[in-house]
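First residue of the sequence shown? That's 1 in the numbering used here, and the numbers climb one at a time after it. Note that beta-carbon positions come from the ideal geometry of N, C-alpha and C, so glycine has one too. Have a look at the structure below before the remarks.
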Amino acid sequence: MLYEKEREIVLNACRRMVNDKLTVGSWGNISLRTDDNNIVITPSGTNYMKSTVDDMVITGISGNILEGKLKPSSERLMHYEIYKNRKDVNAIVHTHSIYSSVLSVIDENIPAITEDIAMLLGNNIRVSEYAITGSIELAKNVVSGLGNNNATVMKNHGAVSVGSDMERSITASEVLEKSAKIYIYSRMIGKVNIIPDNDINKLRAISEDYLNQWKNWK
Ligand SMILES: [Zn+2]
Numbered sequence: 001m002l003y004e005k006e007r008e009i010v011l012n013a014c015r016r017m018v019n020d021k022l023t024v025g026s027w028g029n030i031s032l033r034t035d036d037n038n039i040v041i042t043p044s045g046t047n048y049m050k051s052t053v054d055d056m057v058i059t060g061i062s063g064n065i066l067e068g069k070l071k072p073s074s075e076r077l078m079h080y081e082i083y084k085n086r087k088d089v090n091a092i093v094h095t096h097s098i099y100s101s102v103l104s105v106i107d108e109n110i111p112a113i114t115e116d117i118a119m120l121l122g123n124n125i126r127v128s129e130y131a132i133t134g135s136i137e138l139a140k141n142v143v144s145g146l147g148n149n150n151a152t153v154m155k156n157h158g159a160v161s162v163g164s165d166m167e168r169s170i171t172a173s174e175v176l177e178k179s180a181k182i183y184i185y186s187r188m189i190g191k192v193n194i195i196p197d198n199d200i201n202k203l204r205a206i207s208e209d210y211l212n213q214w215k216n217w218k
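See the structure below:
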């Protein structure tokens, strides 16, 4: 079996996504770029809590199937398009998380209201334009919504987070959902204050050291 370790990383991230209630059913999908630029991606329409490493699908970056008995995720074009445009990204998590979806429905960006957004996600997390699921238009919209950030909210759909490894990407999903929740609650009871641009740049600069340390604690 090709990429056994990488298949396990993807499957564990799927289970974490379901346990964290970042998606329901088989919606949401996850992929990992291997060292030799192939993709391990979740299958289409599968219960992740019952899946095994054998169910993961191995493809090339243009979608050619290298190994797998199931069909790769129907939203795979979005994964390939992100990998082609972001050389720093090796893991992608797409969720249908509730609070991020609320902001996606009202088309509201998430500004840098807390330090973890600035450190892990970037500055001003944008809503990417709507296009129907699985289309190349949606894939391109998500790439442009991401820009250089590590997350975007997909209009009337859900959320995408990216990272240089799976730990960072799935944590970015958790931080995004937490941030969306904080932003919605803050807007309900008062004025929202945003971290100044100058401090966001400083936070970005120290984030790599911090994240490396934090990763070692895992
Ligand atoms: Zn979706």
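Is it the case that the CB of T133 approaches a heavy atom of ligand 1 more closely than 7 angstroms?
yes
For V153 and S104, believed in contact at Cβ under 8 angstroms, the rounded distance:
V153 and S104 do touch by the CB rule: their CB atoms are close to 5 angstroms apart, below 8 angstroms.
Terminal residues of the alpha helix (DSSP H) in which A137 lies:
It should be noted that the sequence gives Glu, not Ala, for residue 137. It spans I136 to L146 - the alpha helix (DSSP H) in which E137 sits, taken as one unbroken run.
Exposure label - V143; buried when at least 16 CB within 10 Å
buried
Alpha-carbon spacing of K140 relative to Y80, whole angstroms:
Whole-angstrom Cα-Cα distance: 10 angstroms.
Would DSSP call M154 helix, strand or coil?
strand
Is E75 near ligand 1, going by C-beta to nearest heavy atom under 7 angstroms?
yes
To the nearest whole angstrom, what separates the beta carbons of N123 and I200, a pair I think is in contact under 8 angstroms?
Indeed, because the Cβ distance is near 5 angstroms, the residues count as touching under 8 angstroms.
Give a yes or no on whether the C-beta atoms belonging to S169 and A91 are separated by under 8 angstroms.
yes
I136: buried (16+ other C-beta within 10 angstroms of its C-beta) or exposed?
exposed
Determine the contact status of L138 and M78, defining contact as a CB-CB distance below 8 angstroms.
yes
Tell me where the alpha helix (DSSP H) around N12 begins and ends.
E4 to N19
Using a threshold of 8 angstroms, state whether the C-beta atoms of L11 and P43 are closer than that.
no
Buried or exposed, going by whether 16 or more other CB atoms sit within 10 Å of the CB of M1?
exposed
Less than 7 angstroms between the CB of G145 and some heavy atom of ligand 1, yes or no?
no
Excluding five sequence neighbours on each side, which residues of the same chain lie with their C-beta closer than 7 angstroms to the C-beta of V40?
Closer than 7 angstroms at Cβ, skipping near neighbours: Y3, E6, R7, V10, S31, L32, T34, M56 and I58.
From this set, N85, K87 and E115, which residue's C-alpha is nearest I206's C-alpha?
Of the candidates N85, K87 and E115, the one whose C-alpha sits nearest the C-alpha of I206 is E115.
When we look at the beta-carbon of M188 and count the other beta-carbons within 10 Å, is it buried (16 or more) or exposed?
exposed
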